[in-house]
Amino acid sequence: MLSNKGASYKLLTILNDQRFQINVSATLVFEYEEILKREQQQIDLNNEDIDNIINGICHLANHHEIFYIWRPLAKDKDDDFLIDLALKCQANFIISYNQRDLKPIEKFGIFILTPKQFLRLLGEIKP
Numbered sequence: 217m218l219s220n221k222g223a224s225y226k227l228l229t230i231l232n233d234q235r236f237q238i239n240v241s242a243t244l245v246f247e248y249e250e251i252l253k254r255e256q257q258q259i260d261l262n263n264e265d266i267d268n269i270i271n272g273i274c275h276l277a278n279h280h281e282i283f284y285i286w287r288p289l290a291k292d293k294d295d296d297f298l299i300d301l302a303l304k305c306q307a308n309f310i311i312s313y314n315q316r317d318l319k320p321i322e323k324f325g326i327f328i329l330t331p332k333q334f335l336r337l338l339g340e341i342k343p
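Here our numbering is used: the first residue of the sequence shown is 217, the next is one more, and so on.
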């Protein structure tokens, strides 16, 4: 989100694409909001912009309540909620730059891809 030329920005522009589904939990939505508000000056967004982004994601996403937790799995315990969500919704991928900490989920057949890798998989950008 720091640039309108990067893979993360490109991924945000195709969130309504039918080739994939977005899955969120309350914890993930709060994490998005906290990060955006913490970095809002750097990314040049105001509170209304951030609320619109969060609301847009929530509108497009499948919402999941997490009742069973698999912790600890991630190398960083603060990332375990992502693994819980991915397992709950039977995801094929987690899209994140944090591949190292989330690597343990690959034993469940869920792969960690960067936004750029995911866009390549979709054919949105060339290899």
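We treat Cβ as the ideally placed atom computed from N, Cα and C, and that holds for glycine.
Rounded to whole angstroms, the separation of the alpha carbons of L252 and G222 is 17 Å.
Beta-bridge partners assigned by DSSP to F327: F309. The distance from the Cβ of L301 to that of H280 is about 6 Å, consistent with a contact at the 8 Å cut-off. Under the 8 Å Cβ criterion, the stretch 248-264 does not count as touching the stretch 229-239, having fewer than three qualifying pairs.
For E249, the uninterrupted alpha helix (DSSP H) run begins and ends at 242-254, by DSSP. According to the DSSP assignment, L318 belongs to the alpha helix (DSSP H) that extends over 315-318.
F334 has its alpha-carbon roughly 16 Å from the corresponding atom of E322. Contact between the stretch 325-341 and the stretch 306-313 is present: 3 or more CB-CB pairs across the two stretches fall below 8 Å.
If the five residues before and after P343 are omitted, its C-beta is found closer than 8 Å to the C-beta atoms of R336, all from its own chain and listed in chain order. Judged by DSSP secondary structure, E264 falls within the alpha helix (DSSP H) whose first and last residues are 263-276.
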